[in-house]
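A.B. asks:
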Amino acid sequence: MSVTVIVGAQWGDEGKGKIVDLLSENVEWVARYQGGPNAGHTVVVNDQEIILHQIPSGILWPHTKCVIGNGVVVDPNVFLEELSFIKSLGVDVKDRLFISDRAHLILSYHRTLDAALEEANGHKKIGTTGRGIGPAYGDKIGRIGVRMVDLLDQDELGEQLSHSVHKHNQVLQRIDPSAIIDEAKVKQQCLKFAKVVTDCITDTSVLLHQAVNEGNEILIEGAQGTMLDVDFGTYPFVTSSNPVAGGACVGLGLGPKVIDNVFGIVKAYTTRVGMGPFPTEFDEEYSESVRQLGSEFGATTGRPRRCGWFDSVVVNTAVRVNGLTALAITKLDVLDTLEEIKICIGYQYQDQLLTHYPASLKAQNTATPVYESHEGWMTSTSEAKNWNDLPLKAKQYLLRIQELTRTPIRIVSVGPERNQTILIEK
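Be aware that the sequence shown starts at 193, since it is given in this note's numbering, and climbs by one per residue.
Structural data, given as structure tokens:
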């Protein structure tokens, strides 16, 4: 039995969906512990691209049971669309998909509030996806959120929804009376959702503890990445939850002692979506070139991703705060045609060489990356099936990443398909 946490070790979009899908073949359970439909996990199966936003990508394996934990915020409309989509693929979710009774709902007014708050920030916009994630987590922390368990009792739902709507309408009345929330309409949406998901709602902490006690293999996945963590990321340009491995315990109701491994998923270069610091970012012309090579567009929003060189400061921070036990390197093939490839080994800031990511936004924005240069391998890696198939310079590049991060590389992805993956034995 083992419990493995999969985390993004950069700014998200590292390819967690493919790695989770790949590893799900040999596990009984896959559990999601935080985030909402503001991130998409992309899986390619037999040349078909499948993008999942809330349902764990392990659902594509018929033997795997999937959990949406209490740390996730669930959008009913997005969930129903996704459920309909995977059913159209012939995926049977009966007795395989479970939602925590403590998970909070993203309701229609959370999107309205998200857009209004982002607009109010003016030139200090965060660059949110506008999916209502922040306001939903805000309601959770403010103790006015609506939870999945409330869907099981109409009286309880009405009482909790009334409390939440009243609080928000007091604010909306002052800033935009036209956006006043229709409580009855929202309640009807909730009841419609309840009819579909009632059988899925349960105490998933209990389910997972039973699975641990029975010796099942469990894979735990987060959304986004370490540098978007609300505590350890580039605050305030972050998400509203904790994608780091510690968030798995809180977001699923599991004690830390049950976790055996923490896999960090890392691109062979670096990307981020939205606003915020990005020390190793390319200039726009080179960024566009790599963006096209790697199809770097957001799975959820379609927004073009910003691209830059591999940053060992970022990944070493992820190693430390997550307790990473291994790395999976994705999109190595995107670098196949580059003559020169750089690795950032530190930041120069006010006569200091920083090797851990600073908390100061000023330091993040003004620090100068210190690079070392590597020759590109200038040949395709997409057909490589094992370590020895890789070009020498590609292996040297990967070994340097392993040396800088002091973390073993166990998986190398050289394309989007399941079979374009190299597993490296210990």
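Just so it is clear, CB atoms sit at the ideal spot from N, CA and C, and this is done for glycine as well. Note that the structure is a prediction, hence the values are computed from the model and not measured.
Name the DSSP bridge partner or partners of E473?
C.D. replies: Along the sequence shown, read from residue 1 onward, the residue named residue 473 stands at position 281. According to DSSP, E473 bridges with G500.
A.B. asks: Where are the beta strand (DSSP E) runs, 3 residues long or more, that stay fully inside the region 213–298, in chain order?
C.D. replies: The region 213–298 contains these whole beta strand (DSSP E) runs: 221–224, 233–237, 240–244, 257–260 and 289–292.
A.B. asks: Going by C-alpha to C-alpha distance, which of M340, D391 and I336 sits closest to V357?
C.D. replies: The residue you call residue 357 lines up with position 165 of the sequence shown. Of the listed residues, the one whose Cα sits closest to V357 is I336.
A.B. asks: By the 10 Å Cβ neighbour count, where 16 or more other Cβ atoms means buried, how is P254 classified, buried or exposed?
C.D. replies: For the purposes of this step, residue 254 is taken as residue 62 along the sequence shown, with counting starting at 1. P254 should be labelled exposed.
A.B. asks: Does Y301 come out as helix, strand or coil in the three-state DSSP assignment?
C.D. replies: Within the sequence shown, the letter at position 109 stands for residue 301. Y301: helix per DSSP, three-state reduction.
A.B. asks: When we look at the beta-carbon of I333 and count the other beta-carbons within 10 Å, is it buried (16 or more) or exposed?
C.D. replies: For the purposes of this step, residue 333 is taken as residue 141 along the sequence shown, with counting starting at 1. Label assigned to I333: exposed.
A.B. asks: Using three-state DSSP, classify F424 as helix, strand or coil.
C.D. replies: Counting from 1 along the sequence shown, the entry for residue 424 is found at position 232. It is coil, neither helix nor strand.
A.B. asks: What's the gap between the Cα of L527 and the Cα of S504?
C.D. replies: Residue numbering aside, residue 527 sits at position 335 when the sequence shown is read from its first letter. Residue numbering aside, residue 504 sits at position 312 when the sequence shown is read from its first letter. Cα to Cα, the separation comes out at about 17 Å.
A.B. asks: For S397, report the span of its alpha helix (DSSP H) as first-last.
C.D. replies: Translated into the one-based positions of the sequence shown, residue 397 becomes position 205. That run of the alpha helix (DSSP H) goes T396 to N405.
A.B. asks: With DSSP as the reference, label R602 as helix, strand or coil.
C.D. replies: As a first step, residue 602 must be located in the sequence shown, where it is residue number 410. The answer is strand: DSSP assigns R602 an E or B state.
A.B. asks: Per DSSP, R464 is paired with what?
C.D. replies: For the purposes of this step, residue 464 is identified with residue 272 of the sequence shown, where counting begins at 1. Answer is R498.
A.B. asks: Our contact map puts D205 next to V511 with C-beta atoms below 8 Å; I'd like the distance itself, whole angstroms only.
C.D. replies: Within the sequence shown, the letter at position 13 stands for residue 205. Within the sequence shown, the letter at position 319 stands for residue 511. Their Cβ separation, rounded to whole angstroms, is 19 Å, which puts D205 and V511 out of contact at 8 Å.
A.B. asks: Have a look at I372 and I243 and give me their C-alpha separation to the nearest angstrom.
C.D. replies: The residue given as residue 372 occupies position 180 in the sequence shown. The residue given as residue 243 occupies position 51 in the sequence shown. Using only the alpha carbons, I get a separation of about 33 Å.
A.B. asks: So, for R303: in the same chain, excluding its five sequence neighbours on each side, which residues have a beta-carbon less than 6 Å away from its beta-carbon?
C.D. replies: Looking up residue 303 in the sequence shown gives position 111. Closer than 6 Å at the Cβ level, and outside the excluded window around R303, lie G324.
A.B. asks: Going by the DSSP bridge assignment, what does E567 pair with across the sheet?
C.D. replies: Taking the first residue of the sequence shown as position 1, residue 567 is located at position 375. Bridge partners of E567: E532.
A.B. asks: Are the beta-carbon atoms belonging to S605 and G261 less than 9 Å from one another?
C.D. replies: Taking the first residue of the sequence shown as position 1, residue 605 is located at position 413. Taking the first residue of the sequence shown as position 1, residue 261 is located at position 69. No. Outside cutoff.
A.B. asks: Secondary structure at Q389, three-state DSSP: helix, strand or coil?
C.D. replies: For the purposes of this step, residue 389 is taken as residue 197 along the sequence shown, with counting starting at 1. According to the sequence as given, residue 389 is Val; it is not Gln. Helix, per DSSP.
A.B. asks: When you compare only the Cα positions, how much space is there between V363 and L305?
C.D. replies: Here residue 363 is taken as the residue at index 171 of the sequence shown, counted from 1. Here residue 305 is taken as the residue at index 113 of the sequence shown, counted from 1. The straight-line gap from Cα to Cα measures roughly 10 Å.
A.B. asks: Measure from the alpha carbon of K554 to the alpha carbon of each residue in A440, T418, F470 and V265, then state which is nearest.
C.D. replies: By 1-based counting over the sequence shown, the position of residue 554 is 362. The residue with the shortest Cα to Cα distance from K554 is F470.
A.B. asks: Distance cutoff 9 Å, beta carbons only. Does K332 sit that close to anything in chain C?
C.D. replies: Of the protein chains in this structure there is only one, and it is not chain C.
A.B. asks: If I measure Cβ to Cβ from A440 and keep anything under 6 Å in the same chain, skipping five residues before and after, which residues do I get?
C.D. replies: Taking the first residue of the sequence shown as 1, we reach residue 440 at position 248. Closer than 6 Å at Cβ, skipping near neighbours: V197, Y225 and I412.
A.B. asks: By the three-class DSSP mapping on this structure, what secondary structure does K577 have?
C.D. replies: Taking the first residue of the sequence shown as position 1, residue 577 is located at position 385. Coil.
A.B. asks: Please state the DSSP three-state secondary structure of Q540.
C.D. replies: For this step, residue 540 is matched to residue 348 along the sequence shown. Strand, per DSSP.
A.B. asks: May I ask which residues mark the beginning and end of the alpha helix (DSSP H) holding K459?
C.D. replies: The residue labelled residue 459 in the question sits at position 267 within the sequence shown. Careful: K459 lies outside any alpha helix (DSSP H), inside the beta strand (DSSP E) at N453 to K459.
A.B. asks: Can you tell me which of the three DSSP states P583 falls into?
C.D. replies: The residue given as residue 583 occupies position 391 in the sequence shown. P583 falls in the coil class under three-state DSSP.
A.B. asks: Roughly how far, in whole angstroms, is the beta-carbon of Q240 from the beta-carbon of V270, given that I think they are within contact range, below 8 Å?
C.D. replies: Start at 1 with the first residue of the sequence shown, and residue 240 comes out as number 48. Start at 1 with the first residue of the sequence shown, and residue 270 comes out as number 78. Actually they do not touch by this definition, with Cβ atoms about 20 Å apart.
A.B. asks: Mind listing, in chain order, the continuous alpha helix (DSSP H) runs of no fewer than 4 residues lying wholly within the region 328–392?
C.D. replies: List check, alpha helix (DSSP H) in window: 346–367 and 375–389.
A.B. asks: Can you tell me whether G322 is helix, strand or coil according to DSSP?
C.D. replies: As a position in the sequence shown, residue 322 is number 130, starting the count at 1. Coil at G322, not helix or strand.
A.B. asks: Would you tell me roughly how many angstroms separate the C-alpha atoms of H634 and V422, rounded to the nearest one?
C.D. replies: With the chain running from 193 to 618 in the structure shown, residue 634 is simply not present.
A.B. asks: With DSSP run on the structure shown, which of helix, strand or coil describes V430?
C.D. replies: Within the sequence shown, numbered from 1, the residue matching residue 430 stands at position 238. Three-state result, V430: coil.
A.B. asks: For H296, count neighbouring C-beta atoms within 10 Å of its own C-beta (all shown protein chains included) and say buried if the count is 16 or more, exposed if not.
C.D. replies: As a working note, residue 296 is residue 104 in the sequence shown. Classification for H296: buried.
A.B. asks: Is the Cβ-Cβ distance between T418 and A201 less than 9 Å?
C.D. replies: Within the sequence shown, the letter at position 226 stands for residue 418. Within the sequence shown, the letter at position 9 stands for residue 201. Yes, they are a contact pair.
A.B. asks: Given that a residue counts as buried once 16 or more other Cβ atoms are within 10 Å of its Cβ, and exposed if not, what is N434?
C.D. replies: Within the sequence shown, residue 434 is the residue found at index 242, counting from 1. N434 should be labelled buried.
A.B. asks: Taking contact to mean 3 or more Cβ pairs, one atom from each stretch, closer than 8 Å, check whether the region 558–575 and the region 530–545 are in contact.
C.D. replies: Touching, per the Cβ criterion.
A.B. asks: Locate the beta strand (DSSP E) running through L411, then write down its first and last residues.
C.D. replies: By one-based count along the sequence shown, residue 411 stands at place 219. Per DSSP, L411 belongs to the beta strand (DSSP E) from I410 to E413.
A.B. asks: Check this for me: beta carbons of F424 and L519, under 9 Å apart or not?
C.D. replies: One-based indexing of the sequence shown puts residue 424 at position 232. One-based indexing of the sequence shown puts residue 519 at position 327. No.
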